[in-house]
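Add 7 to the 1-based position in the sequence shown for the working numbering, that's all there is to it.
Remarks on the structure that follows.
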Amino acid sequence: MLGATLVSAFSLAGCGEEKAGAQLQGPPPAPVRAAVLERKDVPLRYEYVGQTEGSRSVEVRARVQGLLLKRTYREGAFVREGDVLFLIDPEKYRASSAQTGGELAALRAKLEQTRLEHNRISDLFAKGVVSAKERDDAFAAYDSAKANVAAAEAKMQSEQLDLGYTQVRAPISGITSQEVRSEGSLITTDSAGSLLTTITQLDPLYVNFAIPGTESMQVRRQAQEGKVVVPAEGYSVRLKLADGSVFEQAGRLTFEDRYVDPSTGSIRARAEISNVKAQVLPGEFVRVLLDGALMKDAIVIPERAVLFSQNGPMVYVIGEGDVAELRPVTLGQGVTGGLVVESGLEAGQRIVVDGIMKVRPGGAVSVIPEPEAGGEGKPVAAGKEQSAGNGGVN
8 MLGATLVSAF
18 SLAGCGEEKA
28 GAQLQGPPPA
38 PVRAAVLERK
48 DVPLRYEYVG
58 QTEGSRSVEV
68 RARVQGLLLK
78 RTYREGAFVR
88 EGDVLFLIDP
98 EKYRASSAQT
108 GGELAALRAK
118 LEQTRLEHNR
128 ISDLFAKGVV
138 SAKERDDAFA
148 AYDSAKANVA
158 AAEAKMQSEQ
168 LDLGYTQVRA
178 PISGITSQEV
188 RSEGSLITTD
198 SAGSLLTTIT
208 QLDPLYVNFA
218 IPGTESMQVR
228 RQAQEGKVVV
238 PAEGYSVRLK
248 LADGSVFEQA
258 GRLTFEDRYV
268 DPSTGSIRAR
278 AEISNVKAQV
288 LPGEFVRVLL
298 DGALMKDAIV
308 IPERAVLFSQ
318 NGPMVYVIGE
328 GDVAELRPVT
338 LGQGVTGGLV
348 VESGLEAGQR
358 IVVDGIMKVR
368 PGGAVSVIPE
378 PEAGGEGKPV
388 AAGKEQSAGN
398 GGVN
């Protein structure tokens, strides 16, 4: 009986030691996905809020007054340069032109008569038959007749223009607005009564936006320091539309102001985009994407690898023995693939990119390289991600 009691006591003591040993060993390593950091050239994309605008907006005005007989276009439709948009009553101008035409014919006949008289008197004066006064009178009559014909021709040309202006044509190709004057209205040539409609040219399309002055200054400083290479031929421009899609046509930056607007702290800029199909209309709000700049020797980490705490952004760095340590970092702008690290990390270090919620500071992690196509593990190249095996990473 005593022996059985002793055996039981020793058994209980052994179990207690095993549990204590297990507690001392701690939790198992957390499965994670990791990445080896490397420095590389990274394409930059700058993004701003912009608004579209027609490259030209022209007021269509009447050049002659009269009764507006007809509007020949559909409001809001596309018209081509030279298309007839409005018809103003032409009868007054047609009659005036016909009258001037008759007067011109009479003056040309008079001119021919004075020309013949001029030539005849010149011959007679050379023979000494007529006096100098008669010769001078003939010359004056001929010159006067020529002047009268020239004046009548100019008047005729002006009246022909006025007659042509009764057909109001589109000065440019573009989209029309609503009519300002309806059919039957009396059109005048002053600023208030001559406006008929407005045409906006959609191709090319302008996009106006503002660049924060601080950001522009940072880019200039980085370019001077050799950290950023600015495209020599200018930025390429893409538009992200309101539905989230990216417009198919690329454009270019055509204007950037040389001073910062003190009221907004920003720099005015404008891009030009081809819009042949008129898919984008003036007045739309868009996201302007500027591409072409390059950041040299940058370290980029996935955004999901960053823990944002009260002390700022932190990253788990995997050290010797696969122990994870929290490291504060200074982050720069977002780029394709993640965030630029300005300080806090170096090339060659490994960081946790997935499974960070399972990691504890100073805790062990389990990193398994990505398998090859045949299923065998392989060392991970710099900048490539490593994943934990058996799933287990959220």
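Glycine included, each C-beta is placed from N, C-alpha and C at the ideal position.
Source: prediction; values computed, not measured.
Cα-Cα separation between residue i and residue j, rounded to whole angstroms
i	j	result
residue 216	residue 58	7 Å
residue 214	residue 330	51 Å
residue 207	residue 185	12 Å
residue 353	residue 296	30 Å
residue 73	residue 179	24 Å
residue 183	residue 79	12 Å
residue 299	residue 242	5 Å
residue 95	residue 224	56 Å
residue 113	residue 132	28 Å
residue 374	residue 308	17 Å
residue 220	residue 292	21 Å
residue 287	residue 90	23 Å
residue 143	residue 118	16 Å
residue 320	residue 349	12 Å
residue 276	residue 233	24 Å
residue 47	residue 303	7 Å
residue 81	residue 284	19 Å
residue 155	residue 130	25 Å
residue 326	residue 345	22 Å
residue 34	residue 371	9 Å
residue 401	residue 314	Its pLDDT being 41, under 50, residue 401 is placed unreliably in this model, and the value from its coordinates should be taken loosely. Distance between the alpha carbons of residue 401 and residue 314 is about 15 Å.
Beta-carbon spacing of residue i, residue j below 7 Å
i	j	result
residue 116	residue 128	no
residue 177	residue 92	yes
residue 347	residue 339	yes
residue 43	residue 359	no
residue 351	residue 335	yes
residue 342	residue 49	yes
residue 172	residue 68	no
residue 357	residue 37	no
residue 66	residue 202	yes
residue 99	residue 190	no
residue 211	residue 279	yes
residue 322	residue 312	yes
residue 294	residue 54	yes
residue 227	residue 75	no
residue 218	residue 274	yes
residue 245	residue 230	no
residue 159	residue 88	no
Residue span of the beta strand (DSSP E) that contains residue i, given as start and end
i	result
residue 208	202-219
residue 179	Unbroken run through residue 179: none, as it is neither H nor E.
residue 66	47-68
residue 94	91-95
residue 74	73-78
residue 262	258-263
residue 443	Here the chain has residues from 8 to 401 only, and residue 443 is not among them.
residue 273	273-280
residue 38	37-43
Any non-hydrogen atom of the ligand MN within 6 Å of residue i CB
i	result
residue 190	As presented, the structure is devoid of all ligands, the ligand MN included, so that no description of it is given.
CB contact below 7 Å: residue i versus chain B
i	result
residue 108	Reference to chain B is not applicable here, since this structure consists of a single protein chain.
Terminal residues of the alpha helix (DSSP H) in which residue i lies
i	result
residue 121	98-133
residue 142	139-172
Exposed unless 16 or more other CB atoms sit within 10 angstroms - verdict on residue i
i	result
residue 266	exposed
residue 84	exposed
residue 282	buried
residue 29	Bear in mind that the predicted position of residue 29 carries a pLDDT of just 47, short of 50, making it unreliable; the figure below should be weighed with that in mind. Exposed, because fewer than 16 other Cβ atoms sit within 10 Å of the Cβ of residue 29.
residue 140	exposed
residue 361	buried
residue 260	buried
residue 157	exposed
residue 104	buried
residue 61	buried
residue 136	exposed
residue 169	buried
Where in the stretch 306-389 do unbroken runs of the beta strand (DSSP E), each at least 3 residues long, occur, reported from the N-terminal end onward? Counting whole runs of 3 or more residues, the stretch 306-389 contains the beta strand (DSSP E) stretches 313-316, 319-325, 331-335, 337-342, 345-350, 357-361 and 372-374.
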